[in-house]
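For the sequence shown, my numbering assigns the number 480 to the initial residue and increments by one for each residue that follows. Every residue, glycine too, gets a C-beta built ideally from N, C-alpha and C. The structure appears right after this line, and notes come after that.
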Amino acid sequence: MFLERTWRRGAIACLALFAGFQFSCEAAAHAQAKPYARKGEWIVEVIPDRSGRPSFCRAKRPYGTETWLAFSSGKGRFAIEFSGPGSLVAGDKYAVQFWIDRPRSEGPTSTFAAKVDDPNDWEFMRIRDNIDEIGDIDLLMNGKVLHIRSASEKWQYDLRGANAALQTLFECRDRVVLNQKAPPVAQAAPPPSPAVNPRPRNAPLDWVKTAPGRPMDPRAKPAGTMPDGLGVFACIGAHNGGMHPGTAGVWIEGCSIGFGGREIVARNYSVMLGTGRWVAASQGTIPQRAHAGGHEADGQPLYVCRVRLQDGTFVGKIRRGFNGCNYSDRGRERTAGSYDVLTE
Numbered sequence: 480m481f482l483e484r485t486w487r488r489g490a491i492a493c494l495a496l497f498a499g500f501q502f503s504c505e506a507a508a509h510a511q512a513k514p515y516a517r518k519g520e521w522i523v524e525v526i527p528d529r530s531g532r533p534s535f536c537r538a539k540r541p542y543g544t545e546t547w548l549a550f551s552s553g554k555g556r557f558a559i560e561f562s563g564p565g566s567l568v569a570g571d572k573y574a575v576q577f578w579i580d581r582p583r584s585e586g587p588t589s590t591f592a593a594k595v596d597d598p599n600d601w602e603f604m605r606i607r608d609n610i611d612e613i614g615d616i617d618l619l620m621n622g623k624v625l626h627i628r629s630a631s632e633k634w635q636y637d638l639r640g641a642n643a644a645l646q647t648l649f650e651c652r653d654r655v656v657l658n659q660k661a662p663p664v665a666q667a668a669p670p671p672s673p674a675v676n677p678r679p680r681n682a683p684l685d686w687v688k689t690a691p692g693r694p695m696d697p698r699a700k701p702a703g704t705m706p707d708g709l710g711v712f713a714c715i716g717a718h719n720g721g722m723h724p725g726t727a728g729v730w731i732e733g734c735s736i737g738f739g740g741r742e743i744v745a746r747n748y749s750v751m752l753g754t755g756r757w758v759a760a761s762q763g764t765i766p767q768r769a770h771a772g773g774h775e776a777d778g779q780p781l782y783v784c785r786v787r788l789q790d791g792t793f794v795g796k797i798r799r800g801f802n803g804c805n806y807s808d809r810g811r812e813r814t815a816g817s818y819d820v821l822t823e
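Following this line, the structure appears as structure tokens:
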């Protein structure tokens with residue numbers, strides 16, 4: 480029994496666990512994990528591969544002696560890792576479902592998790608497939624509780640502090656693993672309230688509160704057009720405690736925003752006045768003097784971006800940690816790697 484367990488630990492740590500889940504020898508590498516930052520109860524580490532090169536970053540929060548939740552991100556990968564009381568066998572894969580706060584209308588996300596026996600981290604589960612890096616990460620950063628269940632067991636993890644932890648995780652990935660400079664972010668004014676315009680009257684960009692059914696304010700300037708010639712306007716809509724940039728037009732009963740992988744039409748919203756300057760960007764870059772038209776529930780600024788496609792122009796949002804401009808179209812939240820960012 481002892482020999483069998485010893486062999487299992489070495490084999491699982493260094494070999495692929497099953498098709499679609501390829502892992503390097505992370506167990507051995509984890510012993511050499513290098514601290515990157517601490518955010519409250521969350522610890523962000525750099526995990527090297529066997530050659531000592533940074534392989535990925537991990538943001539981890541302990542909940543007890545042998546219970547923790549972690550998110551890891553590297554080149555082309557994002558994973559949810561968790562440990563806690565359970566009887567599942569290491570080395571196997573299990574069908575699991577997960578959701579943040581409450582299941583979406585279409586139900587929980589169904590996927591598979593690998594049970595890993597890491598001598599340095601006890602046993603833990605890792606989910607890599609079917610994670611929607613647009614919607615699920617958005618929900619993880621703004622949610623309260625992560626729920627996971629298999630056919631026989633359930634786990635719950637408090638997401639307090641996950642927003643700052645994930646921001647730092649992506650910063651670690653960009654700077655250390657991908658070895659690129661963090662995109663410059665403007666020092667913008669506090670995000671606007673839906674009821675009060677905080678900007679000076681003579682500012683080139685401003686926001687005015689409106690409501691579904693009202694005519695478009697004549698001072699609003701289109702950010703683009705649809706194929707039929709209808710104007711597309713920038714708006715910010717209230718949702719889940721934040722104000723999210725999106726698309727307004729005469730065919731929309733509100734402000735169309737992307738959140739949690741879905742299109743949300745916010746009826747409490749404001750439209751943008753003025754024109755500003757649109758600057759081309761790509762792959763998550765945020766230009767200098769970017770206009771923070773909205774904010775997450777925790778106050779993190781959301782910058783206004785637009786995507787110009789054959790089927791029209793769409794206004795969306797971008798912030799640190801996004802891979803592009805997130806916008807809504809045909810019921811879903813989507814990401815465009817090439818986009819324009821509104822600057823002041």
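What is the DSSP secondary structure of residue 665, counted as helix, strand or coil? Here residue 665 corresponds to residue number 186 of the sequence shown, with the count starting at 1. Confidence in residue 665 is poor, its pLDDT being 39 and thus under 50, which makes the residue's placement unreliable; the coordinate value appears in the next sentence. Annotated three-state conformation of residue 665 is coil, per DSSP.
Cβ contact check for the segment 696 to 704 and the segment 578 to 590: 3 or more pairs under 8 Å: Touching, no, given that fewer than three Cβ pairs across the two stretches are closer than 8 Å.
Helix, strand or coil for residue 609, going by three-state DSSP, please let me know. The residue labelled residue 609 in the question sits at position 130 within the sequence shown. Residue 609: coil per DSSP, three-state reduction.
Indicate whether the contact test is met: 3 or more Cβ pairs, each with one atom in the segment 699 to 715 and one in the segment 751 to 761, closer than 8 Å. Touching, per the Cβ criterion.
Whole angstroms are fine: how far does the CA of residue 740 sit from the CA of residue 588? Looking up residue 588 in the sequence shown gives position 109. Looking up residue 740 in the sequence shown gives position 261. When only Cα atoms are considered, residue 588 and residue 740 end up about 12 Å apart.
Determine the DSSP secondary structure at residue 820, reduced to helix, strand or coil. On the sequence shown, residue 820 is found 341 positions in, with the first residue counted as 1. Residue 820 carries a strand assignment under DSSP once its states are collapsed to helix, strand and coil.
Quick check on DSSP: helix, strand or coil for residue 649? Walking along the sequence shown from the start, residue 649 turns up at place 170. In this structure, residue 649 counts as helix in the three-state DSSP scheme.
Take residue 590 and list the residues in its own chain whose beta-carbon comes closer than 7 Å to its own, dropping the five residues that flank it on each side. Within the sequence shown, numbered from 1, the residue matching residue 590 stands at position 111. If we look at residue 590 and ignore the five residues flanking it on each side, its Cβ neighbours are 575, 606, 608, 609.
Have a look at the DSSP bridge pairing and note the partners of residue 688. Taking the first residue of the sequence shown as position 1, residue 688 is located at position 209. Beta-bridge partners of residue 688 (DSSP): 749.
Just how far apart, CA to CA, sit residue 658 and residue 555? Sequence index remark: in the sequence shown, residue 658 carries index 179 (1-based). Sequence index remark: in the sequence shown, residue 555 carries index 76 (1-based). Their Cα atoms are separated by approximately 14 Å.
Between residue 566 and the rest of its own chain, which residues show a CB-CB distance below 8 Å, the 5 nearest in sequence each way excluded? Looking up residue 566 in the sequence shown gives position 87. Excluding residues within five positions, the ones whose Cβ falls inside 8 Å are 631, 632.
Which of helix, strand or coil DSSP assigns to residue 731: Position 252 of the sequence shown holds residue 731. In the structure shown, residue 731 sits in coil (DSSP, three-state: anything other than H, G, I, E or B).
Give every residue of the same chain whose Cβ lies closer than 7 Å to the Cβ of residue 798, excluding the five residues on either side of it in the sequence, and list them in chain order. On the sequence shown, residue 798 is found 319 positions in, with the first residue counted as 1. Cβ-Cβ distances below 7 Å link residue 798 to 779, 780, 781, 782 in the same chain, with the five nearest sequence neighbours on each side left out; the list follows chain order.
Segment limits, alpha helix (DSSP H) that includes residue 638: Locating residue 638 in the sequence shown gives position 159, where the first residue counts as 1. Careful: residue 638 lies outside any alpha helix (DSSP H) and carries neither H nor E.
Please give the ranges of any beta strand (DSSP E) in the segment 534 to 610, keeping only runs that are unbroken, at least 3 residues long and fully inside the region. Runs of the beta strand (DSSP E) inside the segment 534 to 610: 547 to 553, 556 to 562, 572 to 579, 588 to 597, 601 to 606.
Would you decide whether residue 730 is buried or exposed? Buried here means 16 or more other CB atoms lie within 10 Å of its CB. Position 251 of the sequence shown, counting from 1, holds the residue named residue 730. Counting the other CB atoms within 10 Å of its CB gives residue 730 a total below 16, which places it among the exposed residues.
Name the DSSP bridge partner or partners of residue 526? Residue mapping note: residue 526 aligns to position 47 of the sequence shown, counting from 1. BP columns for residue 526 point to 535.
How big is the Cα-Cα spacing for residue 802 and residue 816? For the purposes of this step, residue 802 is identified with residue 323 of the sequence shown, where counting begins at 1. For the purposes of this step, residue 816 is identified with residue 337 of the sequence shown, where counting begins at 1. Their backbone Cα atoms lie some 7 Å apart in a straight line.
With a floor of 4 residues, list each alpha helix (DSSP H) that falls wholly inside the segment 771 to 814, ordered by position along the chain. DSSP assignment within the segment 771 to 814 yields no whole alpha helix (DSSP H) run of 4 residues or more.
Can you give the beta carbon distance from residue 737 to residue 818, rounded, assuming they're within the 8 Å contact cut? Position 258 of the sequence shown, counting from 1, holds the residue named residue 737. Position 339 of the sequence shown, counting from 1, holds the residue named residue 818. Between residue 737 and residue 818 the beta-carbon gap is near 13 Å, outside 8 Å, which marks them as no contact.
Tell me whether residue 575, by its Cβ, gets closer than 7 Å to a heavy atom of the ligand GDP. Ligands are entirely absent from the displayed structure, and the ligand GDP is therefore not among its contents.
Can you give the Cα-Cα distance for residue 645 and residue 800, rounded to whole angstroms? Position 166 of the sequence shown, counted from the first residue, corresponds to residue 645. Position 321 of the sequence shown, counted from the first residue, corresponds to residue 800. One Cα belongs to residue 645, the other to residue 800, and the distance between them is close to 8 Å.
Cβ shell of residue 549 (< 6 Å), same chain only, five flanking positions each side left out: Translated into the one-based positions of the sequence shown, residue 549 becomes position 70. So the list reads 537, 539, 560, once near-sequence residues are dropped.
CA-to-CA distance, residue 766 to residue 663, given in whole angstroms: Start at 1 with the first residue of the sequence shown, and residue 663 comes out as number 184. Start at 1 with the first residue of the sequence shown, and residue 766 comes out as number 287. A caution first: residue 663 carries a pLDDT of 42, below 50, which makes its placement in the model too unreliable to give a value.
Helix, strand or coil for residue 628, going by three-state DSSP, please let me know. Within the sequence shown, residue 628 is the residue found at index 149, counting from 1. Of the three classes helix, strand and coil, the one that applies to residue 628 here is strand, per DSSP.
Look at residue 530 and residue 546 and say whether their C-beta atoms are less than 8 Å apart. Translated into the one-based positions of the sequence shown, residue 530 becomes position 51. Translated into the one-based positions of the sequence shown, residue 546 becomes position 67. The answer is no: Cβ separation not under 8 Å.
Between which two residues does the beta strand (DSSP E) carrying residue 765 extend? Reading the sequence shown from its first residue, position 286 is the one you call residue 765. For residue 765, there is no enclosing beta strand (DSSP E), as DSSP gives it neither H nor E.
Do you know offhand how far residue 762's Cα is from residue 821's? Position 283 of the sequence shown holds residue 762. Position 342 of the sequence shown holds residue 821. Straight-line spacing of the CA atoms in residue 762 and residue 821 works out to 16 Å.
Going by Cα to Cα distance, which pick from 592, 716, 685 is closest to residue 770? As a first step, residue 770 must be located in the sequence shown, where it is residue number 291. Of the listed residues, the one whose Cα sits closest to residue 770 is 685.
Compute the distance between the beta-carbons of residue 523 and residue 651, then report whether it is under 8 Å. Residue mapping note: residue 523 aligns to position 44 of the sequence shown, counting from 1. Residue mapping note: residue 651 aligns to position 172 of the sequence shown, counting from 1. Yes; because the gap between Cβ atoms is below 8 Å, this pair is in contact.
Looking at residue 795: is its Cβ nearer than 8 Å to the Cβ of residue 694? Here residue 795 refers to the residue found at position 316 when the sequence shown is read from its first residue. Here residue 694 refers to the residue found at position 215 when the sequence shown is read from its first residue. Between residue 795 and residue 694, the gap from beta carbon to beta carbon reaches 8 Å or more.
Alpha carbon to alpha carbon, how far is residue 625 from residue 784? Give it in angstroms, no decimals. Locating residue 784 in the sequence shown gives position 305, counting from the first residue. Locating residue 625 in the sequence shown gives position 146, counting from the first residue. In a straight line, the C-alpha of residue 784 is about 30 Å away from that of residue 625.
Just to confirm the assignment, what range does the beta strand (DSSP E) spanning residue 716 have? By 1-based counting over the sequence shown, the position of residue 716 is 237. From DSSP, the beta strand (DSSP E) with residue 716 extends over 710 to 718.
Is the beta carbon of residue 640 closer than 8 Å to that of residue 520? Taking the first residue of the sequence shown as position 1, residue 520 is located at position 41. Taking the first residue of the sequence shown as position 1, residue 640 is located at position 161. Taking 8 Å as the cut-off, the Cβ atoms of residue 520 and residue 640 count as close.
Taking its Cβ as the centre, do 16 or more other Cβ atoms sit within 10 Å of residue 424, making it buried, or is it exposed? The chain is shown from 480 up to 823; residue 424 falls before or after that span and cannot be answered.
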